[in-house]
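Heads up: take any position in the sequence shown, counting from 1, add 32, and you land on my numbering. Note that the Cβ used here is the ideal one computed from N, Cα and C, for glycine as well. Note that this is a predicted model, so its numbers are computed, not measured.
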Amino acid sequence: MTKTVITSNRVSASLEIGVVRADYGDVLTDIAAVFVTKKGTPLPWLEWLLKFGDKAIVRGYDVAPAASSRRSRTGRLIMKAGRGKRWKVPSEFSGTLRNNFVTRALDGLEPTILKIMESSIKAT
């Protein structure tokens with residue numbers, strides 16, 4: 033959204049630039065935000081990282097080391113069934129709408145971004 037004010041000898045404008053929507057709806061609908069397994073099960077991995085925090089995502093299973101690398105897509109871990117088990121995104125990677133890897137990466141960068149934008153505008 034841009035606001036422009038024109039007076040006798042002067043033009044003043046403000047510009048608002050957004051990286052992503054606050055609810056991440058624009059990136060969560062991207063095809064890359066969901067991994068589809070060989071069995072056709074969609075895994076909305078990006079939504080888990082951005083919004084689910086420490087909530088359980090998979091109930092009845094947990095992650096365990098694979099006995100054989102052939103049993104695992106990554107060669108290291110498998111999902112193992114068990115009563116009362118649950119899997120969640122590890123805390124160091126989990127996030128909520130207001131606190132996730134995107135917000136943590138951009139936190140504190142606003143002054144730097146504004147300086148870069150100001151110098152770019154003045155140079156034109």
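- Nearest C-alpha to V121 among D62, E48, R91: R91.
- For L129, the number of other beta carbons within 10 angstroms of its own is below 16, and it is reported as exposed.
- Of the residues assessed, S101 falls on the exposed side of the cut-off, its CB having fewer than 16 other CB atoms within 10 angstroms.
- Judged by their CB atoms, D94 and K117 are nearer to each other than the 8 Å cut-off.
- In summary, L82 is buried, with 16 or more beta-carbon neighbours lying within 10 Å of its beta-carbon over all protein chains present.
- When C-alpha distances from L109 are compared across N41, W119, A96, the shortest belongs to A96.
- The criterion of a C-beta distance shorter than 8 Å is not satisfied by L78 and A99.
- Runs of the alpha helix (DSSP H) spanning 4 or more residues and lying entirely within the segment 36 to 67 occur at 57 to 60, in chain order.
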